[in-house]
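Structure, as structure tokens:
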Amino acid sequence: MTPILNFNFRNIRALIRVDFNVPLNDQLEITDDTRIRAALPTIQKVLKDGGAAIIMTHFGRPKSNLQSVKLGAEDKYSTRHLVSHLAKLLNKPVQFADDCGSEATYKKAKSLKAGEVLLLENTRFYQEETKGNEEFAQMLATLGDVYINDAFGSAHRAHSSTTQVAKYFATDKKMFGYLMEAELVNAEKVLHHAEKPFTAIVGGAKVSDKILILENLLTIANDIIIGGGMAYTFIKAQGGQIGKSLVEEDKIDLAKSLLVKAKEKGVQIHLPIDSVVADNFSNDATIKTTLSDTIEDGWMGLDIGPKAIEEFSQVIMQSKTILWNGPMGVFEMTNFSKGTESIAKKVAEVTSQGAYSLIGGGDSVAAINQFQLDDQVSFISTGGGAMLEYFEGKKLPGIEAIKTDSDDIPHSSM
Ligand code: 3PG
Ligand code: MG
Numbered sequence: 078m079t080p081i082l083n084f085n086f087r088n089i090r091a092l093i094r095v096d097f098n099v100p101l102n103d104q105l106e107i108t109d110d111t112r113i114r115a116a117l118p119t120i121q122k123v124l125k126d127g128g129a130a131i132i133m134t135h136f137g138r139p140k141s142n143l144q145s146v147k148l149g150a151e152d153k154y155s156t157r158h159l160v161s162h163l164a165k166l167l168n169k170p171v172q173f174a175d176d177c178g179s180e181a182t183y184k185k186a187k188s189l190k191a192g193e194v195l196l197l198e199n200t201r202f203y204q205e206e207t208k209g210n211e212e213f214a215q216m217l218a219t220l221g222d223v224y225i226n227d228a229f230g231s232a233h234r235a236h237s238s239t240t241q242v243a244k245y246f247a248t249d250k251k252m253f254g255y256l257m258e259a260e261l262v263n264a265e266k267v268l269h270h271a272e273k274p275f276t277a278i279v280g281g282a283k284v285s286d287k288i289l290i291l292e293n294l295l296t297i298a299n300d301i302i303i304g305g306g307m308a309y310t311f312i313k314a315q316g317g318q319i320g321k322s323l324v325e326e327d328k329i330d331l332a333k334s335l336l337v338k339a340k341e342k343g344v345q346i347h348l349p350i351d352s353v354v355a356d357n358f359s360n361d362a363t364i365k366t367t368l369s370d371t372i373e374d375g376w377m378g379l380d381i382g383p384k385a386i387e388e389f390s391q392v393i394m395q396s397k398t399i400l401w402n403g404p405m406g407v408f409e410m411t412n413f414s415k416g417t418e419s420i421a422k423k424v425a426e427v428t429s430q431g432a433y434s435l436i437g438g439g440d441s442v443a444a445i446n447q448f449q450l451d452d453q454v455s456f457i458s459t460g461g462g463a464m465l466e467y468f469e470g471k472k473l474p475g476i477e478a479i480k481t482d483s484d485d486i487p488h489s490s491m
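Counting in the numbering used here, the sequence shown runs from 78 upward without gaps.
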């Protein structure tokens with residue numbers, strides 16, 4: 078595998094898989110273009126060298142195929158809605174192909190000149206895509222001279238455009254883009270080269286989503302802070318009364334065993350000692366603060382309390398490496414945002430003092446952005462599910478398809 082930096086794209090048509098799966102509002106306007114901006118350096122490298130870019134992405138989870146889309150079904154999933162924004166960011170025209178491989182599209186791709194950009198229609202308008210169909214992958218491969226995978230957010234999907242397509246390019250004609258490289262360098266730094274003490278902050282609603290990442294973190298972290306709805310399953314596992322807080326009854330035994338394992342491994346697990354509780358799931362609910370293990374019937378924990386903030390802050394301030402995935406409470410509601418905001422501020426503060434911080438997962442990234450601290454942490458991952466699976470220790474198909482040997486994962490020299 079050639080590092081993209083060393084590749085000269087002069088007169089080369091690069092087929093670039095990006096993850097432009099961005100949110101749109103009702104007017105079909107992009108409400109967060111982070112993922113698009115994150116892929117620009119790769120596209121610009123190709124164009125600046127004198128190459129052309131054929132860009133492909135999935136967009137949402139459409140059920141329709143291309144024919145019904147052309148008749149008007151599920152138009153909201155058309156990548157056509159991304160063309161003008163991409164053109165604005167690249168400061169040049171972007172051509173659009175309303176499919177991924179008709180004769181017309183093939184001709185369009187082949188006649189691209191140096192510096193030109195073509196965006197393909199949503200790859201998921203072909204049912205073959207998510208099945209990882211080989212013929213579809215092979216058809217996509219005919220469009221470019223080289224293949225670049227810059228779609229970290231989709232790297233956990235073994236789909237035609239993320240994985241199978243790579244087979245149809247020689248080793249020296251497929252590579253990671255800059256975003257993929259940066260994601261891997263930063264993830265590897267935390268997974269294998271973390272400066273200690275290493276604190277993982279894990280939150281969000283469900284324990285079931287975080288079991289595997291917790292298992293893996295038990296082997297590498299010194300401290301694990303657990304907040305959000307998932308904390309109450311752990312508190313109940315320890316015999317606490319949690320009122321009507323979120324709980325996954327079928328995960329209580331698992332929570333118990335994770336707590337035992339942590340003890341065996343000398344990993345400190347920090348659960349919120351107190352909580353902001355409410356009588357219903359609403360910003361207008363009656364609220365009070367109480368210890369997390371004596372929440373009365375009829376009340377539910379929706380944020381970590383002041384004592385928990387204090388304890389978690391101390392742990393964070395003593396850390397040299399921080400990984401954060403998942404909010405501490407229902408931060409979208411102002412009455413339950415203080416825990417997540419305080420933790421975000423502490424992560425930013427310790428980063429300014431030289432610690433390294435990686436934030437990932439849709440909700441924690443949204444929180445960091447909401448509190449305008451995105452430029453005060455070390456790295457923000459564009460991966461949701463992909464980031465989680467990478468930190469679970471899994472091999473991601475989109476990455477494996479490009480790597481030629483284990484040394485191909487970029488290492489951190491930071
Ligand atoms: C995401 O946003 O999680 C990625 O773009 C992958 O999308 P998916 O979960 O629909 O496969
Ligand atoms: Mg997803």
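Don't be surprised by glycine CBs; every beta carbon is placed ideally from N, CA and C. Nothing here was measured: the structure is a model prediction, and the numbers come from that model.
Starting from D327, follow the alpha helix (DSSP H) in both directions and report where the run begins and ends. Going by DSSP, D327 is part of no alpha helix (DSSP H) at all; its letter is neither H nor E.
Measuring alpha carbon to alpha carbon, tell me which residue in F246, I393, M257 and A282 is nearest P274. For P274, the closest alpha carbon among the candidates F246, I393, M257 and A282 is that of I393.
Consider the C-beta atom of G461 and the heavy atoms of the ligand MG; say whether any pair is separated by less than 6 Å. In this structure, the C-beta of G461 approaches the ligand MG to less than 6 Å from one of its heavy atoms.
Other residues of its chain near D103: CB distance less than 6 Å, five sequence neighbours each side excluded: Around D103, the same chain offers no residue with a beta carbon nearer than 6 Å, after the five sequence neighbours per side are excluded.
Buried or exposed, going by whether 16 or more other CB atoms sit within 10 Å of the CB of K125? Under this definition K125 is an exposed residue.
Nearest neighbour of D482, chosen from T248, Y309, L166 and G460 [CA to CA]: The candidate whose alpha carbon is nearest that of D482 is T248.
For G230, three-class secondary structure by DSSP: Residue state for G230 is assigned as helix, using DSSP reduced to three classes.
Closer than 8 Å is the cut-off here; do at least three beta carbon pairs connect the region 330-343 with the region 386-406? No contact exists between the region 330-343 and the region 386-406.
When we look at the beta-carbon of V442 and count the other beta-carbons within 10 Å, is it buried (16 or more) or exposed? It counts as buried.
Let me check understanding here. Comparing Cα to Cα, which of A339, D370, K342 and R138 lies closest to V354? Checked all of A339, D370, K342 and R138; the closest Cα to V354 is D370.
One question on the structure: do T240 and A478 come within less than 7 Å of each other, judged by their Cβ atoms? Result yes, Cβ atoms of T240 and A478 sit closer than 7 Å.
Option in E373, V95 and K251 with minimal Cα separation from A228: Ranking the options by Cα distance to A228, first place goes to V95.
S434 lies in the beta strand (DSSP E); which residues open and close that run? That run of the beta strand (DSSP E) goes Y433 to G437.
Specify the secondary structure class of H347 as computed by DSSP and reduced to three states. Looking at H347 - three-state DSSP - the assignment turns out to be strand.
Measure from the alpha carbon of Q447 to the alpha carbon of each residue in T417, W376 and I476, then state which is nearest. Taking only the C-alpha atoms, the option nearest Q447 is T417.
Going straight from the alpha carbon of L167 to that of V123, what length do you get? Between the alpha carbons of L167 and V123 lies a gap of roughly 12 Å.
Restricting to Cα atoms, I'd like to know which of F253, K384, L323 and D175 is closest to N199. Answer by Cα proximity: D175.
For G438 and P487, what's the separation of their Cα atoms in angstroms? Approximately 21 Å, taken between the alpha carbons.
Name the residue from I476, P80 and V454 whose alpha carbon lies nearest to the alpha carbon of M464. If we check each option's Cα against that of M464, I476 comes out closest.
Is G230 near the ligand 3PG, with its Cβ less than 6 Å from a heavy atom? G230: yes, Cβ under 6 Å from the ligand 3PG.
Under a three-way DSSP split, which group does G378 fall into? Secondary structure of G378 (DSSP, three-state): strand.
Nearest by alpha-carbon distance to M78: which of G137, K250, I89 and K266 is it? Cα-wise, what sits closest to M78 is K250.
Shortest alpha-carbon distance to E469 belongs to which of A314, H269, D361 and P383? Answer by Cα proximity: H269.
Please list the segments of the beta strand (DSSP E) lying wholly inside the region 167-222, counting only runs of 3 or more residues, in order along the chain. Within the region 167-222, the beta strand (DSSP E) runs of at least 3 residues that lie entirely inside it are, in chain order, 172-174 and 194-197.
Looking at C-alpha atoms only, which residue of K266, Q172 and A218 is the closest neighbour of I297? Each of K266, Q172 and A218 was checked against the Cα of I297, and the nearest Cα belongs to K266.
Among residues of its own chain, excluding the 5 on either side of T367, which ones have a beta-carbon nearer than 6 Å to its beta-carbon? V354, listed in sequence order.
So is K184 buried or exposed if we call it buried at 16+ other beta carbons inside 10 Å? Counting Cβ neighbours within 10 Å, K184 comes out exposed, since fewer than 16 surround it.
State yes or no: is the C-beta of R114 nearer than 6 Å to some heavy atom of the ligand 3PG? Incorrect: R114 has no Cβ contact closer than 6 Å to the ligand 3PG.
Let's test the definition: count the other Cβ atoms within 10 Å of the Cβ of P444 and tell me whether it reaches 16, buried, or not, exposed. One point to set straight first is that residue 444 is Ala, not Pro, in the sequence displayed. Classification for A444: buried.
Going by the DSSP bridge assignment, what does F358 pair with across the sheet? Listed as beta-bridge partners of F358 by DSSP are no residues whatsoever.
In whole angstroms, what is the alpha-carbon distance linking W376 and H233? Using only the alpha carbons, I get a separation of about 38 Å.
Which first and last residues belong to the alpha helix (DSSP H) in which I290 is found? Looking at the DSSP string, the run of the alpha helix (DSSP H) that includes I290 is I288 to L294.
Taking the straight line between their C-alpha atoms, what separation do you get for I225 and P404? Taking the CA atoms as reference points, I225 sits about 33 Å from P404.
Near P100, what residues of its chain come up, given a Cβ to Cβ distance below 6 Å and the 5 sequence neighbours on each side ignored? Excluding residues within five positions, the ones whose Cβ falls inside 6 Å are T108 and D109.
Identity of the residues DSSP links to A277 by a beta bridge: Its beta-bridge partners are I301 and L400.
DSSP state of M133 mapped onto helix, strand, coil: Three-state DSSP puts M133 in a strand.
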